[in-house]
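Just below is one structure, and these are the notes that go with it.
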Amino acid sequence: MKRFVIGLTAIVSTVAILLVILLGVASIYARKNIDYGLDEELFSKAKEENTVYYYAYGEDGALEEVYKNLRTSAREWTDWENIGDNLKKGFIAVEDRDFYKHNGINVKRTVAAAVNHLLKFRKSFGASTITQQVIKNISGDNETTVSRKIKEIFRA
Numbered sequence: 008m009k010r011f012v013i014g015l016t017a018i019v020s021t022v023a024i025l026l027v028i029l030l031g032v033a034s035i036y037a038r039k040n041i042d043y044g045l046d047e048e049l050f051s052k053a054k055e056e057n058t059v060y061y062y063a064y065g066e067d068g069a070l071e072e073v074y075k076n077l078r079t080s081a082r083e084w085t086d087w088e089n090i091g092d093n094l095k096k097g098f099i100a101v102e103d104r105d106f107y108k109h110n111g112i113n114v115k116r117t118v119a120a121a122v123n124h125l126l127k128f129r130k131s132f133g134a135s136t137i138t139q140q141v142i143k144n145i146s147g148d149n150e151t152t153v154s155r156k157i158k159e160i161f162r163a
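Below is the structure:
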């Protein structure tokens, strides 16, 4: 039994040290690769105009990028206070049930997604919070890379 406890302690300690090293490397990477000045530009742009980009087939049958400025389309904008509680709660329940428990990053889901990325338990594994989704939508960065995810996490 004593050997088991010692072995388990060694494994847990090693994993903890590796996680600390990984977080340190991610932090250094983020400091060198994230332009935090861009955040101000992105969020001010989001306040000025809401644009959705999507793809559609044109008259010639070719796939083309189409965009729509939502501020000028037939939509009615409303203040947060005027949105019903059931709609707010439903959105949060579907998109990020732990929204009120974290500060923009769901650490447990992020670690689980990282492990899944390495070991391929499941085909896909979502870990983005509402905050991270907003950052992704505002930045327009849709590449599926680890570096984009790290930037997104640090921005959140």
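The sequence shown finishes on residue 163 if you use the numbering used here, and the numbering steps up by one all the way, no holes.
Glycine included, C-beta positions come from ideal geometry on N, C-alpha and C.
Looking at the secondary structure, which residues open and close the alpha helix (DSSP H) in which residue i lies?
i    : result
F98  : 92–102
R162 : 153–162
Y36  : 9–40
N123 : 114–126
N144 : 137–146
Can you check which of these residues, the options, is closest to residue i by C-alpha distance?
i    : options                : result
H109 : A134, I41, K9          : A134
L26  : V141, I160, V122, R155 : V122
T151 : V22, R162, H124, W87   : H124
I137 : I157, I99, K158        : I99
V153 : N40, V12, T16          : N40
G111 : Q140, E66, F132, K130  : Q140
Please classify residue i as buried or exposed, where buried requires at least 16 other C-beta atoms within 10 Å of its C-beta.
i    : result
N113 : buried
I142 : buried
R38  : exposed
R162 : buried
I18  : exposed
I160 : buried
S34  : exposed
D103 : buried
S146 : buried
T158 : Here residue 158 is Lys; the residue named in the question, Thr, does not match the sequence. K158 comes out buried.
K9   : exposed
A156 : Reading the sequence as shown, one finds Lys at residue 156 and not Ala. Classification for K156: buried.
Flag residue i as yes if its beta-carbon sits less than 9 angstroms from any beta-carbon of chain B, otherwise no.
i    : result
H109 : The structure shown contains no chain B; it holds only a single protein chain.
* Asked: Would you call the segment 81–101 and the segment 116–128 in contact, with 3 or more CB pairs under 8 angstroms?
  -> no
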